[in-house]
Ligand SMILES: Cc1ncc(COP(=O)(O)O)c(C=O)c1O
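Residue numbers (our numbering): 14 to 314.
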């Protein structure tokens, strides 16, 4: 991780090395926080933050699930993020907002624990550093929607993802794939799943997966190209017979999938719909698609 100069913490810009918390921070013990991940892309008009408003709106949705009231507005957090990117003099970066229950109260009920908010950013290239990825179906299922608010981006949920990616250590697989409690495809540990079969694009429905902002963007982009994405359950058997498949996510962007559990999908090379989606996505986040510039906030200096 490449340190930058400042981290925004509880309303102030503090030096990277000084952005610290107490050892008895509630969230450190119980995962009682929620986070976001967004990116700023380099453009001739300055760093372009993609869908910053939607990311903070989702943060508020996630924190609401754990009864947390963030002592800032979406607009204040947006402005803090733009200013942070400016102050850190970055042309492109990954941005990590986090809201969490802090120090002052122990025990599971977080009521009365102080709420802390931080935003950090640093240069972070491709999350999945391969043109295409080989997936392993995880032996863990994606968290059950009746065990938690499954579509909130709550810190504690990510132990599920950590377990899945730890299973890959020492294997040749690049990323994990979760099934849901019914055995259908859910998503990756940090990515939504899409497949293409006979010209139809399909993705698992919302409810048991994160409502990915990239997922939504890609569906909108594909619609513009005449593809209506079908949101429906996908069995593992159906996924293995796909012509193409790809992951979407802020970190993973659009990453084509080569194989699942060793079974090569389609031709084994990047399919035409995946290639087109990837290109459309990169053009969009770099502000090259006029209709989608509404999603971009420039951190001009
Ligand atoms: C579990 C999970 N699924 C999907 C995604 C993709 O979401 P987005 O496109 O909003 O980054 C993420 C990343 O936030 C995630 O953590």
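For glycine and all other residues, C-beta sits at the position ideal for the given N, C-alpha and C.
(request) Would you grab the beta carbon distance between residue 168 and residue 40 for me? Rounded to a whole angstrom, and I think it's under 8 Å. (result) 6 Å
(message) Given the structure, does residue 202 come close to ligand 1, in the sense that its CB is under 8 Å from one of the ligand's heavy atoms?
(response) yes
(message) So, with DSSP's three-state summary, where would you put residue 125?
(response) coil
(message) ligand 2 and residue 264: does any heavy atom of the ligand fall closer than 8 Å to the residue's C-beta?
(response) Of the ligands one can find in the structure shown, namely ligand 1, none is ligand 2.
(message) In whole angstroms, give me the CA-to-CA distance for residue 201 and residue 248.
(response) 15 Å
(request) Any chance you could list the alpha helix (DSSP H) runs of at least 4 consecutive residues sitting entirely within the region 65-104, in chain order? (result) 65-78 and 87-100
(message) Just verifying my parser: in three-state terms, what is the DSSP assignment at residue 160?
(response) coil
(request) Using only the heavy atoms of ligand 1, determine whether one of them is closer than 8 Å to the beta carbon of residue 50. (result) yes
(message) In chain order, what are the residue ranges of uninterrupted beta strand (DSSP E) at least 3 long that sit wholly in the region 126-190?
(response) 128-135, 146-150 and 188-190
(request) Provide the residue span of the alpha helix (DSSP H) that contains residue 285, from first to last. (result) 285-298
(message) Taking CB distances under 9 Å as the criterion, tell me whether residue 79 reaches chain B.
(response) Here chain B cannot be found, since the structure has a single protein chain.
(request) Determine, using beta carbons only, whether residue 262 and residue 272 come nearer to each other than 9 Å. (result) no
(request) State the Cα-Cα distance for the pair residue 245 and residue 255, rounded to the nearest angstrom. (result) 14 Å
(request) Give the straight-line distance between the Cα atoms of residue 130 and residue 33, rounded to the nearest whole angstrom. (result) 12 Å
(message) Run through the DSSP bridge pairs and tell me what residue 261 is partnered with.
(response) 205 and 267
(request) Pick helix, strand or coil for residue 247, following the three-state DSSP scheme. (result) coil
(request) Consult DSSP for residue 52 and reduce its assignment to one of helix, strand or coil. (result) strand
(request) Whole angstroms is fine: what's the gap from residue 161's alpha carbon to residue 60's? (result) 36 Å
(message) Buried or exposed for residue 270, going by 16 or more other Cβ atoms inside 10 Å?
(response) buried
(request) Taking the CB atoms as reference points, tell me whether residue 103 and residue 53 lie closer together than 9 Å. (result) yes
(request) Would you mind reading off the limits of the beta strand (DSSP E) that contains residue 195? (result) From DSSP, residue 195 is part of no beta strand (DSSP E); its letter is neither H nor E.
(message) Using only the alpha-carbon positions, how far apart do residue 294 and residue 230 sit?
(response) 8 Å
(request) Could you tell me the boundaries of the beta strand (DSSP E) in which residue 27 lies? (result) 25-28
(message) Let me check you understand the geometry: is the CB of residue 75 closer than 8 Å to at least one non-hydrogen atom of ligand 1?
(response) no
(message) Please classify residue 93 as buried or exposed, where buried requires at least 16 other C-beta atoms within 10 Å of its C-beta.
(response) buried
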